[in-house]
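According to the working numbering, the sequence shown is numbered sequentially starting from 401. Where is the CB? At the ideal position from N, CA and C, for every residue including glycine.
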Amino acid sequence: MASKTYKIGVVGNRDAILPFRLIGFQTFPVTEATEAVNTLRRLSREDFAIIYLTEDMAAEIPETLAYYDKQVLPAIILIPTHKGVMGLGQRRIRKNVEKAVGQDIL
């Protein structure tokens, strides 16, 4: 049986995601929330197992993130931008760890 190959993508502000292209990830620059939602939908259908999303875009699409939180794939991981950390990614990790182990260990 052949194994399936999954991809890693990065979605967000062009300046913030450019370094990821240098290390071989596929990047998808977006400037508006609707673009981000449409890109996430497309990538989820195209075998992207991990999608890094900038915190500034994530802040604009909480309903979409909530939907993907209930799915096995893709895993959406929030990353800060060059403008600084908003703390959204850290809160998501804390919430997921608490859900997995039953308490906040971080």
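*Roughly how many whole angstroms lie between the Cα atoms of F448 and I479?*
17 Å
| With distances taken between CB atoms, is the gap from T464 to L440 smaller than 8 Å? | yes
message: Please give me, in chain order, every unbroken run of the beta strand (DSSP E) with length at least 3 that falls completely inside the segment 440-491.
response: 448-454 and 475-479
DSSP on F428, reduced to helix/strand/coil? strand
- Does the beta-carbon distance from G412 to M457 come in below 8 Å? yes
Query raised in the report: For I423, which of helix, strand or coil comes out of DSSP?
Result: coil
**Message:** For a quick check, are the C-beta atoms of F420 and T427 less than 8 Å apart?
**Reply:** yes
Return the CA-CA distance between S520 and I451, expressed in angstroms with no decimal places.
For the chain, the structure presents residues 401 to 506; residue 520 sits outside this window and is missing.
*Just checking my contact of A416 with I461 at CB under 8 Å: how many whole Å lie between their CB atoms?*
Actually they do not touch by this definition, with Cβ atoms about 16 Å apart.
From R442 to L453, what does the alpha carbon distance come to, in whole angstroms? 14 Å
With R414 and P429 assumed to form a contact (beta carbons below 8 Å), what rounded beta-carbon distance in angstroms separates them? 4 Å
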